[in-house]
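Below you can see the structure in the form of structure tokens.
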């Protein structure tokens, strides 16, 4: 049977009233995308290096870091978007504005970057050795892993030194790349530092990477992403046409690098016969290259002004500042550039940058969203994050959701921008299939809502009360939950049934009342907390099996004391578990006080003697 049958899209989540982290982070993800757009538009151009630690700039890692503890999958993806936005904006800034003169700041970030690279290298080496040699992390030689880490850190240091030397020799591109790397280290380190208490106790089920052996057929992928992919292709066509019309020089090195990376990926996909991956690599590569090239052409990165600004000058002695006049002039240049960064007109779809050209902010940002949005499903055609499921199921679930968000942002711009850019007849030729695809995509939204609401005719009327269905399906549980909410302290531990896995009416009292319980869905706890929680999970499962089984009163009392249980629920949910023994209900009645019985006689609440006094 197929092992990969789980994926989701935003409207399905809303209809389901899903409260999983990937849904809860949507507003925060859109906030980070809005900040990335502001970065591209010039809202975060620093006048001085130390300004990175001012309140305005600290908003960036504060917002991005929130994604890390809400839904950790989102942090690297949207962090990558922010770094790309910063890199594109760097192309629009005069070369004289790139400063690397604050020794304390730069050496500190260099040290943090080295530590981060070492940590990533340690984890990546384990995944690499597992892929290459089939060795689990616990069986891998630590000496070999340390060697790989040292090689990676030394390579990073050598790259940094090479970029710095090239920058001092007057190569503007090296300075721009160095500035982007510095921003990435600053952003990543502060995003984690702001939420460090979370990471100190963080556990994960992730255990490296696996190679994909079952790939997505193109028709399957198009059923899921067809309308958004159509819009993405239209946007890429718009970006390429504008690039061809406005290009004044050779292809930008950054655009060529994007084409090489995605082109190589496409060739590998062709070798494997992975047609979906080939299509995604082609369109994503063109989107990324078009964004970089359009931005480069508009900013005039190859303008003569950069050559003048980058005239080689002797390096300052350690601990001494560079030419103060140069620093002052650079500051004035940046202030003038900031004043020029206002929106010229709504029709420009851009802002003025470091030159007189109008930057294609909206087009560039939309292309960036499309490129990264297609990169997410492309990655799942080759690798997946290894977890308890042993397949790419969870990787597709999480990364496809990010793709929906990014492609929706880019596609919404494409729907209007492409139509406006085309001649009238071609515009209508584009708009007609676009409208048909959007209408087809809306069928589920309308039909599913109509079906789920029983044609908007709920027997008891429409309501936002999530427990209302209990009145018909679980009336005894509804009455018990109401009694617990009204008559027990908020921190009281309430015992109820658990399950190893599968969808069931489990943890319902904890959910409905907010009172803590021993265990709900054991497999989910394992997924959320990793292998470190397994001993505690097994202990609690054993305790629950004994308490709802045929344990004696002495053993039951000892277990209740151990976990601080004050109330016990026995209802149809408990009676339906394979570990339930009828004698346990009689035992609870003898050793505890029955404080509530539902009107149908099916749900009982027992209280410890001390809890009722």
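Residue numbers (the working numbering): 477 to 1089.
Heads up, the beta-carbon is just placed ideally off N, CA and C, and yes, glycines get one too.
For residue i, collect the residues of the same chain with a Cβ closer than 6 Å to its Cβ; drop the 5 residues on either side in sequence, then sort them by chain order.
{"i": "residue 553", "result": "878"}
{"i": "residue 1021", "result": "1055"}
{"i": "residue 993", "result": "970, 972, 986"}
{"i": "residue 907", "result": "895"}
{"i": "residue 629", "result": "590, 593, 594"}
Between residue i and residue j, which are expected to be in contact by the criterion C-beta below 8 Å, what is the C-beta distance as a whole number of angstroms?
{"i": "residue 1045", "j": "residue 971", "result": "7 Å"}
{"i": "residue 840", "j": "residue 882", "result": "In fact, because the Cβ distance is near 14 Å, the residues do not count as touching under 8 Å."}
{"i": "residue 857", "j": "residue 753", "result": "4 Å"}
{"i": "residue 760", "j": "residue 851", "result": "5 Å"}
{"i": "residue 1090", "j": "residue 639", "result": "The structure shown does not extend to residue 1090, since the chain is modelled only from 477 through 1089, so no value can be given for it."}
{"i": "residue 509", "j": "residue 894", "result": "Incorrect: roughly 20 Å between the Cβ atoms, too far for contact."}
{"i": "residue 1063", "j": "residue 1029", "result": "6 Å"}
{"i": "residue 712", "j": "residue 846", "result": "7 Å"}
{"i": "residue 559", "j": "residue 597", "result": "Not quite, the Cβ-Cβ distance comes to about 19 Å (not below 8 Å), so this is no contact."}
{"i": "residue 982", "j": "residue 973", "result": "6 Å"}
{"i": "residue 775", "j": "residue 757", "result": "So it is not a contact: roughly 27 Å between Cβ atoms."}
{"i": "residue 1059", "j": "residue 1026", "result": "5 Å"}
{"i": "residue 578", "j": "residue 526", "result": "6 Å"}
{"i": "residue 585", "j": "residue 643", "result": "Between residue 643 and residue 585 the Cβ distance is about 15 Å, and since that is not below 8 Å, they are no contact."}
Would you report the Cα separation of residue i and residue j, rounded to the nearest angstrom?
{"i": "residue 813", "j": "residue 514", "result": "Here the model assigns residue 813 a pLDDT of 44, short of 50, so the residue's position is not dependable, and the following value carries that caveat. Rounded to whole angstroms, residue 813 to residue 514 spans 15 Å at the Cα level."}
{"i": "residue 808", "j": "residue 521", "result": "Low confidence applies to residue 808: its pLDDT is 36, below 50, so where it sits in the model is not reliable, and the reading given next is rough at best. Between residue 808 and residue 521, the C-alpha separation is close to 13 Å."}
{"i": "residue 484", "j": "residue 1055", "result": "34 Å"}
{"i": "residue 545", "j": "residue 726", "result": "43 Å"}
{"i": "residue 888", "j": "residue 694", "result": "23 Å"}
{"i": "residue 719", "j": "residue 769", "result": "7 Å"}
{"i": "residue 1001", "j": "residue 975", "result": "11 Å"}
{"i": "residue 817", "j": "residue 771", "result": "Interpretation of residue 817 is limited by its pLDDT of 40, a score under 50 that renders its predicted location unreliable; the figure taken from the coordinates is listed afterwards. Cα to Cα, residue 817 sits roughly 15 Å from residue 771."}
{"i": "residue 1095", "j": "residue 575", "result": "Residue 1095 lies beyond the residue range present for the chain, which begins at 477 and ends at 1089; the question has no answer from this structure."}
{"i": "residue 932", "j": "residue 926", "result": "6 Å"}
{"i": "residue 696", "j": "residue 876", "result": "13 Å"}
{"i": "residue 657", "j": "residue 917", "result": "40 Å"}
{"i": "residue 890", "j": "residue 952", "result": "53 Å"}
{"i": "residue 868", "j": "residue 646", "result": "46 Å"}
{"i": "residue 989", "j": "residue 1023", "result": "22 Å"}
{"i": "residue 729", "j": "residue 941", "result": "57 Å"}
{"i": "residue 919", "j": "residue 1071", "result": "50 Å"}
{"i": "residue 1068", "j": "residue 1011", "result": "29 Å"}
{"i": "residue 783", "j": "residue 1009", "result": "At residue 783, the pLDDT of 41 sits below 50, so the modelled position is not reliable; the number obtained from the coordinates is stated separately. The straight-line gap from Cα to Cα measures roughly 59 Å."}
{"i": "residue 1080", "j": "residue 493", "result": "29 Å"}
{"i": "residue 928", "j": "residue 939", "result": "13 Å"}
{"i": "residue 1083", "j": "residue 996", "result": "20 Å"}
{"i": "residue 923", "j": "residue 498", "result": "24 Å"}
Sorted by chain position, which residues of the same chain lie with C-beta nearer than 7 Å to residue i's C-beta, five sequence neighbours on each side aside?
{"i": "residue 698", "result": "705"}
{"i": "residue 1089", "result": "Low confidence applies to residue 1089: its pLDDT is 44, below 50, so where it sits in the model is not reliable enough to give any reading."}
{"i": "residue 542", "result": "504"}
{"i": "residue 550", "result": "501, 505, 543, 878"}
{"i": "residue 674", "result": "545"}
{"i": "residue 616", "result": "602, 605"}
{"i": "residue 1073", "result": "1080"}
{"i": "residue 702", "result": "913"}
Ends of the beta strand (DSSP E) at residue i?
{"i": "residue 1070", "result": "1069-1073"}
{"i": "residue 983", "result": "Note, residue 983: premise wrong, no beta strand (DSSP E); not H, not E."}
{"i": "residue 1055", "result": "Neither: residue 1055 is in no beta strand (DSSP E) and is coded neither H nor E."}
{"i": "residue 1091", "result": "In the structure displayed, the chain extends from 477 to 1089; residue 1091 sits before or after that span and is not available."}
{"i": "residue 1042", "result": "1041-1046"}
Using a Cβ-based criterion (distance less than 7 Å to any ligand heavy atom), does residue i qualify as near the ligand FAD?
{"i": "residue 721", "result": "Of ligands this structure carries none, so the ligand FAD is not represented either."}
Tell me which residue opens and which closes the alpha helix (DSSP H) that residue i is part of.
{"i": "residue 1001", "result": "998-1005"}
{"i": "residue 1083", "result": "Segment 1080-1083 is the beta strand (DSSP E) holding residue 1083; no alpha helix (DSSP H) there."}
{"i": "residue 750", "result": "Where residue 750 is concerned, there is no enclosing alpha helix (DSSP H), given that its DSSP letter is neither H nor E."}
{"i": "residue 671", "result": "Here residue 671 belongs to no alpha helix (DSSP H), and DSSP marks it neither H nor E."}
{"i": "residue 526", "result": "That residue, residue 526, is in no alpha helix (DSSP H); it is neither H nor E in DSSP."}
{"i": "residue 837", "result": "837-855"}
{"i": "residue 556", "result": "550-568"}
{"i": "residue 898", "result": "Premise fails: residue 898 is in no alpha helix (DSSP H) and is neither H nor E."}
{"i": "residue 499", "result": "497-500"}
{"i": "residue 947", "result": "946-949"}
{"i": "residue 933", "result": "Unbroken run through residue 933: none, as it is neither H nor E."}
{"i": "residue 1014", "result": "1010-1023"}
{"i": "residue 533", "result": "531-546"}
{"i": "residue 489", "result": "486-492"}
Can you check DSSP and say which residues form a bridge with residue i?
{"i": "residue 700", "result": "BP columns for residue 700 are empty, so no partner."}
{"i": "residue 860", "result": "686"}
{"i": "residue 969", "result": "1041"}
{"i": "residue 975", "result": "997"}
Please confirm whether residue i has its beta-carbon closer than 8 Å to some beta-carbon of chain B.
{"i": "residue 568", "result": "Among the chains in the structure shown there is no chain B, since it carries only a single protein chain."}
Counting only the same chain and skipping the five closest in sequence on each side, list residues whose C-beta sits under 8 Å from that of residue i.
{"i": "residue 532", "result": "520"}
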